[in-house]
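Here's the structure we're looking at; comments come further down.
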Amino acid sequence: MTSLERILCRLKGKQVDKIPNLNIVMMFAAKQIDIPYGQYVTDYEKLVQGNLYCAEKFGIDAVSAISDPMREAAAFGANVIIPEDDVPYCSKNLLEDIEDISAIHIADPFSNSRTLDRIRAVERYHELVGNEYAIIGWVEGVLAEAADLRGVSELMLDLATGEQDATGLFDLIFKQQCAFAKTQIDAGAHIIGIGNAVASLIGPRLYQKYALPYDKMLIEYIHSLHSYAKLHICGNITPLLPYLRETGTDILDVDHMVDFGKTIQMFSDLPVSICGNMDPVSVFLQGDQKKVSNAVIKCISSCNSTTMIAAGCEIPRHTPPENLKTMDNLLWL
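Residue numbers (our numbering): 9 to 341.
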């Protein structure tokens, strides 16, 4: 059974030979192929090389185009700084006012080097391993992208006070999401990951009001293009779970502070694969093989026929490689 077959079968609750391993690797992947992170996020050939190395070495069942949250921000016109060996960031907020969106416009994903680089990564995956591994493209969620453009603290104040209308900005971001998702699906992505970490900071009332409608629409759009959606909201999403049931996502990532078993039970009546949820720091980075084994076995004990296993968020750069091997060895059925 190939990794792609394994994931597609698991999504449908069919028999598999191994519980799919969906660990997210970024800085760890760059370290494994001994390149600075600035090169990893700007050269799709290196990103592909790092992911394929980790997939083959550590049993990860998907290869991903994820690297940093600043690709769409760059396309919108933000001044994105790319350190030699660290994560890209915006030097200043592009938007000084959430209602004044005159500074940004929809960009053709092929017209900006950062979004184009991600498309090229998906194309290369499709060329090299399109029938072997699940290919995961990636877009920023509406809230996450708004935070990239406006600033996290500023966005939180905007939403909490409700004094300004964010609809214009969110609508614009949604259109950019759709354009970027489509180019990656056309390039060969089987799954589109949606990173919306900021959603875990705003609480259920504001999530329902501001984020849920856009998450639902984006996932519906992804489905209309015959691809799967993977919603990734790291942090404690427990209060959001009743609303996340409404998103229609195919895979829901669950971070380590969320009760894995209860979440699986809560979604058991829906065609959703819950994915998680070991602590990436205390288990993988700081833990030994025994601690990893105990954590993985605990997660497996809660699994149903659609569950997938991964750390709750990105595998840290300096994680001992043997810890990832230990995890994968335990997933075979």
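Glycine included, every Cβ here is placed at the ideal spot set by N, Cα and C.
Cβ-Cβ distance between residue i and residue j below 8 Å
i, j, result
"Leu233", "Thr257", "no"
"Thr327", "Phe292", "yes"
"Leu167", "Leu214", "yes"
"Ile202", "Leu180", "no"
"Gln192", "Arg122", "no"
"Gln184", "Ile114", "yes"
"Val304", "Leu338", "yes"
"Val95", "Tyr48", "no"
"Gly243", "Ser208", "yes"
"His134", "Ala195", "yes"
Close-in-space but distant-in-sequence residues of the same chain around residue i (CB under 8 Å, 5 per side omitted)
i, result
"Leu278", "Arg253"
"Val262", "Ile245, Phe268, Thr271, Ile282, Cys283, Gly284, Asn285, Gly320"
"Ala129", "Tyr52, Leu55, Val56, Ala73"
"Leu136", "Val56, Leu60"
Rounded C-alpha distance that separates residue i from residue j
i, j, result
"Ile199", "Gln23", "20 Å"
"Phe250", "His231", "In the sequence as displayed, the identity of residue 250 is Pro instead of Phe. Distance between the alpha carbons of Pro250 and His231: 21 Å."
"Glu162", "Ala189", "27 Å"
"Val300", "Val289", "11 Å"
"Val33", "Ala197", "17 Å"
"Asn120", "Val266", "37 Å"
"Gln216", "Val206", "13 Å"
"Glu131", "Ile144", "11 Å"
"Thr343", "Thr314", "Outside the displayed span of the chain (9 to 341) sits residue 343, for which this structure offers no information."
"Asn302", "Asp287", "12 Å"
"Pro91", "Asn312", "42 Å"
"Gly211", "Thr175", "19 Å"
"Ala318", "Asn31", "5 Å"
"Leu124", "Asp116", "9 Å"
Supposed close pair residue i, residue j - CB separation, criterion 8 Å
i, j, result
"Ile68", "Asn101", "About 35 Å separates the two Cβ atoms, so there is no contact after all."
"Tyr177", "Ile106", "Per the sequence shown, the amino acid found at residue 177 is Leu instead of Tyr. Sure, about 6 Å apart at Cβ, within 8 Å."
"Val150", "Tyr222", "4 Å"
"Arg325", "Phe84", "The pair is not a contact, with the Cβ atoms about 28 Å apart (cut-off 8 Å)."
"Glu330", "Gln294", "Contact flag wrong, Cβ pair sits at about 14 Å."
"Met316", "Ile27", "7 Å"
Neighbourhood of residue i by C-beta distance below 6 Å, restricted to the same chain and skipping five residues each side
i, result
"Leu220", "Tyr251"
"Gly21", "Ser313, Thr314"
"Glu153", "Glu80, Ile181"
Same chain, Cβ closer than 7 Å to residue i, neighbours up to 5 away in sequence not counted
i, result
"Cys98", "Met78, Ala81, Ala86, Asn87, Val88, Asp156"
"Ala142", "Ser11, Leu12, Ile15, Asp69, Ala70, His198, Ile199"
"Asp173", "Glu107"
"Arg18", "Val24, Pro28, Ser281, Thr314, Met316"
Any C-beta of chain D under 8 Å from that of residue i
i, result
"Ser301", "Of the protein chains in this structure there is only one, and it is not chain D."
* **Uninterrupted beta strand (DSSP E) stretches inside the stretch 288 to 316 (no shorter than 3 residues)** => none
* Which whole runs of the alpha helix (DSSP H) in the stretch 146 to 222 are 4 residues long or more, in chain order? -> 150 to 158, 160 to 169, 175 to 195, 211 to 214
* Asked: At what residue ranges does the stretch 65 to 118 contain a whole run of the beta strand (DSSP E), taking only runs of 3 or more?
  -> 70 to 72
* Secondary structure, beta strand (DSSP E): runs of 3+ residues fully inside the stretch 229 to 274 -> 236 to 240, 259 to 261
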